Amino acid sequence: MSSVTSLFKKLTENKNDINNLTMILYEKKEEHETALINRRRVMCRGGTKAEKQKYEEEEKQKNIHWTTTKTFYITRIKILTTKKGYGATIAIHFGTTNSCVGFLKDGNVEIITADQHKQFIPSYVAFLSNGEQLIGDAAKNQLILNSENTIFDIKRLIGREFNDPIVQQNIKHYPFKVIEKNSKPMIQINISKNEQKIFPPEEILAMILKKLRENAEVYLKQQVTHAVVTVPAYFNNAQRQATIYAGTIAGLNIIRIINETTAAAACLPTLNMTKKEGNILVFHLDGGIFDISLIKRQNDIFQVIATIGNTNLGGEDFNHRVMKYLIKLFKNKTGKDIRNDNQAIEKLRFEVEKIKRILSSEYEAKIEIESFFDNENFSENLTRAKFEELNLDFFRLIMQLVEKLLDDAKRLTADEIVFIGGSTRIPKIQQLIKQRFYGKEPLDGINVDTAAVYGAALQAGFLSGAKNAPAIILFDINPLRMDIQTVNGEVTEIIQCNRIIPTKKIQVFSTTNDNQQTIPFQIFEGENQNIRDNHVLGKFELNGIPPAPQGIPQIEVTFLIDVNGILKMTAEDKRTTNSNNIIINSNRNRLSSEEINFMTKDSKKLADKDKKLKEPVDVKNELELYIYSLKIELIDNEKLVMILYFFWKL
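In this note's numbering, the protein residues as written are 22 to 671.
Quick look at the structure:
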């Protein structure tokens, strides 16, 4: 039996599986709510006082029954999580520009600090000419001098194909080189003076995840092997799978992929000032991602109603517009074009990010860069109004997506609004949302930078059976529709968008020719009406079909989307009820187990090499620290002698 078949059977047959229990709990909740609505409809039609009292008593009893049922299933889930033995399970928020780690300890979330006591590390990886690898602040700080070997924005490349228009659009802005290999984008860097190396996006992400894991291990003083990782709500199947691969390479078993908007909502039970029931609009806009979800809350149960987004829209795009404008101004003044000079571009990128932050609180700011390009200095003023004008079409697109979300949610109202992501600090964004929702302000007391990792840490604690972990149940959805196309061009929807996950669909295939032993088909993922405009999830073949006249074989394929939003499939010949003789071959653009193992070993080699390079520096630092401590001790001893002498004189 294949690993996929085994996983599927575990999900659908094991009544004590966490995923299955969550599914059952959702079904019970839906049954209760439907019955409640029907009873209230009957009561609205009128009736005697005695009949109304009867309905009220029935409703009371049904509510008690639902509370008992909910407690029963949550308790079973808690018992199962306690048995898992994951140990310290961390939560990782991997952001386009910055990343951080959270951990649930004794019922309280701690955001883990690392280098220089910072909660965040920049999502940057760099390689020096001697082969040394830098991650985080150290990588970002040398970007201007080593731009060709400093990698960032990896969140926009992971899980995509090289010919993806988004990849082609973004690589124009990168100082590092992105090449094509096996239809995938690969990052090419000079790992040493005489050596070039290419890395897939998963391996670069793995380096950042590994750094975060190591920071957590130092902070917690124990080994960490399991994690919950947040991803954009609009990440597709390939992007989610690639994130899990990166975790494996980094030495982490990712026990749950959780949408950033859902994770942010999950932190609300810890805030006393929020309503315990109602609809929550979670608006997420960070350096490179925009998504928005409407989530229904009932105490500690959160159900995503609808979600929409754009995985190529965020603060970096606002920066690019400003940079383009300033580059044009500089050329008009000096006649010099900086577009092919990486150092000048990175200097400008750094200053534009700073000025964008200033314009969140000021109406005007000045950019000044000495020795900017070809002995020319740079000096320009930028107003908030100009910034908004340059990005007006982006703001309009964001509001169009907000309207689309409300359409998908059948125009349900938002009782509360939650902002997450650094770009939500932009005044124009705040103004537009406030106007659209009739003056409603976003919730106070929520840190827009850490809300997602905070909620993910609560979920990590719950799923790992941590002490005093709150039982917060999340019902997430599949954000994108999935369609299947057979060789004759027939298209069938297999999974609709905004469907609660885990979910499954069964599709029966047959042959179109006598003695046909293979059935090819493709799966597309996306919301475009023309299926060809959607993302190709993969091309598949059903092999091993016993020879028979056309139309006789009945091959039942089960499509399962698990709680992480990842598609898995099993096939069974209905004539023989044998699931072993039908093989699903796939050309999905994903890493093989051999590639993952190679990258894991390669990561260790790089780490060992890096350690050897840093050993002399570490020894020097330790020696300097020891000398410094001796000096302090000597000064303290001198002070002690002076104090004793003073008292002896008295």
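Glycine included, every Cβ here is placed at the ideal spot set by N, Cα and C. None of these values were measured; they are calculated from a predicted model.
Inter-residue CB distance, residue i and residue j (contact presumed, cutoff 8 Å)
i: Val439; j: Ala285; result: 6 Å
i: Gln506; j: Gln543; result: 5 Å
i: Val529; j: Gln575; result: 6 Å
i: Ala267; j: Ile493; result: Their Cβ separation, rounded to whole angstroms, is 26 Å, which puts Ala267 and Ile493 out of contact at 8 Å.
i: Ala135; j: Leu241; result: Actually they do not touch by this definition, with Cβ atoms about 12 Å apart.
i: Ile210; j: Phe148; result: 5 Å
i: Ile310; j: Thr282; result: So it is not a contact: roughly 10 Å between Cβ atoms.
i: Gln278; j: Thr264; result: The sequence as given places Ile at residue 278; Gln does not occur at that position. The pair is a contact, with the Cβ atoms about 6 Å apart (cut-off 8 Å).
i: Glu410; j: Ser400; result: Rounded, the Cβ-Cβ distance is 21 Å, inconsistent with contact.
i: Asn412; j: Arg342; result: 5 Å
i: Gly466; j: Asp307; result: Not confirmed; about 20 Å, so no contact.
i: Glu562; j: Pro541; result: 5 Å
i: Leu426; j: Ile329; result: 5 Å
Continuous beta strand (DSSP E) stretch holding residue i: start and end
i: Arg277; result: Asn274 to Asn280
i: Glu259; result: A small fix is needed here, since residue 259 is Ala in this sequence, not Glu. It is not in any beta strand (DSSP E) - Ala259 instead sits in the alpha helix (DSSP H) that spans Asn258 to Ile270.
i: Lys218; result: Glu216 to Phe220
i: Asp504; result: Met503 to Thr507
i: Ala386; result: Glu385 to Phe394
i: Pro206; result: Lys205 to Ser213
i: Asn129; result: Asn129 to Ile132
i: Val439; result: Glu437 to Ile441
i: Lys198; result: Lys198 to Lys202
i: Phe399; result: Glu397 to Thr404
i: Phe496; result: Ile494 to Phe496
Where the alpha helix (DSSP H) through residue i begins and ends
i: Asp428; result: Leu413 to Asp429
i: Pro567; result: From DSSP, Pro567 is part of no alpha helix (DSSP H); its letter is neither H nor E.
i: Ala112; result: Looking at the DSSP string, Ala112 is not in any alpha helix (DSSP H); the run it does join, the beta strand (DSSP E), is Thr110 to Phe115.
i: Thr513; result: Note, Thr513: premise wrong, no alpha helix (DSSP H); beta strand (DSSP E) at Val512 to Ile516.
i: Lys352; result: Gly336 to Thr355
i: Ile454; result: Pro448 to Arg457
i: Ile187; result: Pro186 to Ile192
i: Leu484; result: Ala472 to Leu484
i: Ala159; result: Asp158 to Asn162
For residue i, the residue or residues it bridges with in DSSP
i: Asn151; result: Paired residue(s): none; Asn151 is not in a bridge.
i: Gln319; result: Glu298 and Ile322
i: Val250; result: Ile113 and Ile278
i: Pro143; result: Asn119
i: Ile172; result: Val146
i: Asp362; result: Paired residues: none, contrary to the question.
i: Ser382; result: In DSSP, Ser382 forms no bridge with anything.
i: Leu327; result: The amino acid occupying residue 327 in the given sequence is Ala; Leu does not appear at that position. In DSSP, Ala327 forms a bridge with Leu315.
i: Thr303; result: The sequence as given places Val at residue 303; Thr does not occur at that position. Ser314 and Val439.
i: Phe124; result: Glu131
i: Asn499; result: Arg520
Residue-level contact to chain C via CB, residue i, 7 Å cutoff
i: Gly335; result: You won't find chain C in this structure, because it holds only one protein chain.
Three-pair Cβ contact test at 8 Å for the region 451-465 versus the region 327-340: no
Start-end ranges of the beta strand (DSSP E) lying completely within the region 525-598, minimum 3 residues: 539-546, 556-564, 576-582 and 588-594
Segment contact flag, the region 368-386 with the region 401-412, C-beta cutoff 8 Å, min 3 pairs: yes
The region 361-373 touching the region 163-173, judged by at least three CB pairs closer than 8 Å: The region 361-373, when compared against the region 163-173, does touch it at the 8 Å Cβ threshold.
Contact between the region 254-274 and the region 473-488 (3+ Cβ pairs under 8 Å): no
Contact the region 279-299 vs the region 311-327: 3+ CB pairs below 8 Å: yes
Segment contact flag, the region 253-260 with the region 107-114, C-beta cutoff 8 Å, min 3 pairs: Contact between the region 253-260 and the region 107-114 is absent: fewer than 3 CB-CB pairs across the two stretches fall below 8 Å.
Segment contact flag, the region 231-250 with the region 190-198, C-beta cutoff 8 Å, min 3 pairs: no
Touch test, the region 124-139 against the region 222-231, Cβ-Cβ under 8 Å, three pairs minimum: no
Sufficient close CB pairs (3 or more, under 8 Å) joining the region 205-212 to the region 180-189: yes
Validate contact between the region 349-359 and the region 323-336 using beta carbons, cut 8 Å, 3 pairs: no
Stretch-stretch touch, CB-based, cutoff 8 Å, three pairs: the region 576-595 with the region 510-529: yes
Touch test, the region 510-525 against the region 578-595, Cβ-Cβ under 8 Å, three pairs minimum: Yes, the region 510-525 is in contact with the region 578-595.
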